[in-house]
Amino acid sequence: MITLFGAILFTVSITSLCYHFGIRLYRKYRKGWLNPLFTSSLLLVSLLFTIHLDGETYQQGSSVFHLLLQVAVVSLAIPLYKQWGFLKKNLKKIILGVVCGTMMGVVAVSVMAGVIFHLQEEVVASLIPRSITLPIALTISQYLGGASSATVIFVIMSALISLMIGPILLKHLGINSKAAKGLAMGTSAQMIGANRSLDWGEEEGVMGNVAMTTSALFLSVSLPLLTLVMNI
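Numbering (the numbering used here), first residue to last: 1069 to 1300.
What follows is the structure, encoded as structure tokens:
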């Protein structure tokens, strides 16, 4: 019988090691499909199956990460504070880009998942916040009645898909604006997209970071409206 302390120590250790391995692998090869979130998750799941560790034990042990996620939510205010001058300078671009991108994602998911495919409300609620940063996505999903485990999967998959096709799509559409590229990646692929934007340049990285934060903020304050739509 694994004690709670032992479960926490073990799960934190293997999760951290898997993520560290994912980061090192990505830094070595710099391939989009080798994103640390994807490779570390794949490695962790394989490891859990190998050692036959049940999900309940892992969930108990990983409870410390849920606490850290709450701290991460508050820390999202830091990028906004640091980039406030840049934010005011490009306020119209940011508001228009983030609001359109976020709402288009919500409407597309609601229509396709709920109306066309007639998925369960729990699945739709888990899908709605898929394009925003994970800590806030989990909070919104729980508020709407979604499943946290499904939301994690949807957020990671959405970010990885956006990371792979986003730069290609921007190139084919002839979008060269630094602000537009950063906003697009930050809105669609949250932290992963913001980090990718930083590879293009400082302005793209700033816009990606701001887009990631403001899209999460916008969707959070839209919760009453989302709840109304979910109940229709």
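Note that beta-carbon positions come from the ideal geometry of N, C-alpha and C, so glycine has one too.
Using a 10 Å radius around the Cβ and a threshold of 16 neighbouring Cβ atoms, would you call residue i buried or exposed?
{"i": "VAL1183", "result": "exposed"}
{"i": "LYS1156", "result": "exposed"}
{"i": "GLY1213", "result": "exposed"}
{"i": "GLU1305", "result": "Outside the displayed range of the chain (1069 to 1300) lies residue 1305, so it cannot be described from this structure."}
{"i": "THR1079", "result": "buried"}
{"i": "SER1084", "result": "exposed"}
{"i": "ALA1176", "result": "exposed"}
{"i": "SER1143", "result": "exposed"}
So, are the CB atoms of residue i and residue j less than 8 angstroms apart?
{"i": "VAL1179", "j": "ALA1205", "result": "no"}
{"i": "TYR1087", "j": "SER1108", "result": "yes"}
{"i": "GLY1254", "j": "MET1275", "result": "yes"}
{"i": "PRO1203", "j": "LEU1137", "result": "yes"}
{"i": "GLN1258", "j": "SER1216", "result": "no"}
Using only alpha-carbon positions, find the residue among the options that is nearest to residue i.
{"i": "GLY1250", "options": "LEU1085, GLY1173, PRO1147, ARG1264", "result": "ARG1264"}
{"i": "MET1232", "options": "ARG1095, LYS1099, GLN1127", "result": "LYS1099"}
{"i": "THR1140", "options": "ILE1221, SER1217, THR1201, GLY1242", "result": "The sequence shown places Ala at residue 1140, not Thr. Checking every option, the nearest Cα to that of ALA1140 belongs to THR1201."}
{"i": "SER1256", "options": "ASN1277, LEU1121, LEU1112", "result": "ASN1277"}
{"i": "SER1194", "options": "SER1226, GLY1123, GLN1210, ASN1158", "result": "GLN1210"}
{"i": "GLY1090", "options": "GLU1190, SER1290, LEU1112", "result": "LEU1112"}
{"i": "SER1131", "options": "SER1081, LEU1237, LEU1266", "result": "SER1081"}
{"i": "PRO1197", "options": "PHE1073, MET1280, TRP1101", "result": "MET1280"}
Cutting at 6 angstroms between CB atoms, please list the residues of its own chain near residue i, excluding the five before and the five after it.
{"i": "LYS1161", "result": "ALA1247"}
{"i": "ALA1218", "result": "SER1194"}
If you drop the 5 nearest sequence neighbours on each side, which residues of the same chain put their C-beta closer than 7 angstroms to that of residue i?
{"i": "THR1282", "result": "ILE1162, VAL1166"}
Assuming residue i contacts residue j (C-beta within less than 8 angstroms), just tell me the rounded distance between them.
{"i": "LEU1105", "j": "ILE1260", "result": "7 angstroms"}
{"i": "ASN1103", "j": "TYR1094", "result": "6 angstroms"}
{"i": "PHE1286", "j": "THR1170", "result": "6 angstroms"}
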